[in-house]
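In order, the protein sequence lines correspond to chains A and B.
Position 5, counted from 1, in the first sequence is what the numbering used here calls 5; the numbers after and before it change by one each time, with no gaps.
Adding 140 to a residue's 1-based position in the second sequence gives its number in the numbering used here.
Every residue, glycine too, gets a C-beta built ideally from N, C-alpha and C.
Report on one structure; see the data block that follows.
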Amino acid sequence: MIGEPDRTSEEYFNLMSGLADSVMNMTDEEIQEEVAETGDTAEETKNLLLNAIKFAKQQALREAKLEHEATVRSLSTMRFEKPETPTEKRGLIQSILAGLGATQQQALTAQFREFESLPDEDLDRVLDQLFILQKESEER
Amino acid sequence: MARNNPRRIPEEKAATHEELTAAINGITENERRKLNKAAAYRMRGLGPAAMNRDVQDLFNETVLSFFKPDGRKWKKDEIDIVRTLNEAMRSVASNWRQEYKRKAAIQAPLTIGRDDDSAEVLGNIPASGESIQDRLETDELHAAMKAQLDEINEIVETREKAALIIMAMSDGLDGPQIRAELELTVQQHETEMLWIRRKLRAKFKDGRVK
Chain A
1 MIGEPDRTSE
11 EYFNLMSGLA
21 DSVMNMTDEE
31 IQEEVAETGD
41 TAEETKNLLL
51 NAIKFAKQQA
61 LREAKLEHEA
71 TVRSLSTMRF
81 EKPETPTEKR
91 GLIQSILAGL
101 GATQQQALTA
111 QFREFESLPD
121 EDLDRVLDQL
131 FILQKESEER
Chain B
141 MARNNPRRIP
151 EEKAATHEEL
161 TAAINGITEN
171 ERRKLNKAAA
181 YRMRGLGPAA
191 MNRDVQDLFN
201 ETVLSFFKPD
211 GRKWKKDEID
221 IVRTLNEAMR
231 SVASNWRQEY
241 KRKAAIQAPL
251 TIGRDDDSAE
261 VLGNIPASGE
271 SIQDRLETDE
281 LHAAMKAQLD
291 EINEIVETRE
301 KAALIIMAMS
311 DGLDGPQIRA
321 ELELTVQQHE
331 TEMLWIRRKL
341 RAKFKDGRVK
């Protein structure tokens, strides 16, 4: 059973909500009448809206940043299986590079494109970076 | 799952964030005054369910709802920005109220197995997580709401249609439902609403955000 305070707050909320909706139908004449009686709110509302846009943009940016950081964290904890020998590693790098789209290939640094001249000890790092690149493009 | 919602607005019909921002920045003075008044009514309607939020929070949450991924969309070619923001404000206020009710339900003391007398006595003990001060403030706000409802009913009691409209609004009926229920034309309804708003303004000086 709904209690007295709950019923009161429900009725009050509904009524105020209905009045808020009815405001949308106010004529310019009625608005001017109201401004004359109770004061103007145009400027303060302008600031409220400007602040709200700023807040929403900052919040959206913050959420996107958090999401990006979470992706980076999860990628950095991943362990990729790599072949044993430098020759096999170079073969894998070549096949990954060949499988990348033209745009991604363009974005790669010369370091990746000239992987054949890289010393063997750098091959694992290059493979890790390519795996991450591949994973990110799959998730997009 | 918003993605499968058949009522979902197609991307090409929805405004971009830039278009939305430009439209909000371009709202006229009179439209801004309307939004302010609508926001003031919504915050007032929340009472304790506002939970210390103010009208800036309502505007912030309203605009943010359009900036969230998979958030609200503005059908820029069909509905004007002011009505769109008003709809979003209604939804935000309603969500806040639901959130408050959920919290209150969790905090409510158990009354199962108590007889009527003890339930009445225990009813005055604040629920867990709620201080005595909070409870007193909530009670005070409920009393103020009740008093204001009584005053509004007193204002409209001399005008039958207006009284019926207030009753229907308190029951949660929207404009079209009220017109159907009371067999009113749009014009008749608007005439009564104009009278109601004027009377309430004179009584409560409620044109401004408090």
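| query | result |
| --- | --- |
| Arg173 of chain B versus Val72 of chain A - alpha carbon distance | 46 Å |
| Neighbouring residues, chain A, relative to Ile352 of chain B (Cβ below 9 Å) | The structure shown has nothing for residue 352 of chain B, since chain B only spans 141 to 350. |
| Cα-Cα separation, His68 of chain A to Ser76 of chain A | 12 Å |
| Beta carbon proximity, Asn200 of chain B to chain A, threshold 8 Å | yes |
| Interface residues of chain A facing Ile167 of chain B [CB-CB closer than 9 Å] | Thr45, Lys46, Leu49 |
| Same chain only: Cβ atoms within 8 Å of Leu281 of chain B, ignoring 5 sequence neighbours per side | Gly187, Pro188 |
| Chain-ordered chain A contacts of Asn170 of chain B [CB-CB under 7 Å] | Asp28, Ile31 |
| Option nearest Gly99 of chain A by Cα separation, candidates A:Lys46, A:Phe80, A:Gly3, A:Lys135 | A:Lys135 |
| Contacting residues, own chain, Cβ-Cβ under 8 Å from Leu198 of chain B (five flanking each side not counted) | Ala179, Arg182, Met183, Met229, Val232, Ala233 |
| Minimum Cβ-Cβ distance from Ser231 of chain B to chain A less than 8 Å | no |
| Contact list for the region 68-97 of chain A against chain B, Cβ threshold 7 Å | none |
| Cβ neighbour criterion (16 or more within 10 Å) applied to Thr202 of chain B | buried |
| Span separating the alpha-carbon of His329 of chain B from that of Ala245 of chain B | 37 Å |
| Closer than 8 Å to chain A by CB, Thr224 of chain B | no |
| Reference Phe131 of chain A, options A:Glu116, A:Ile96, A:Ala70, A:Gly91, closest by Cα | A:Ile96 |
| Minimum C-alpha distance to Thr278 of chain B - residue among B:Leu175, B:Asn192, B:Lys177, B:Ile164 | B:Asn192 |
| Three-state class that DSSP yields for Lys339 of chain B in the structure shown | helix |
| Where the alpha helix (DSSP H) containing Ala162 of chain B begins and where it ends | 157-165 |
| Ala56 of chain A - partner residues in DSSP beta bridges | For Ala56 of chain A, which the question treats as bridged, DSSP gives no partner whatsoever. |
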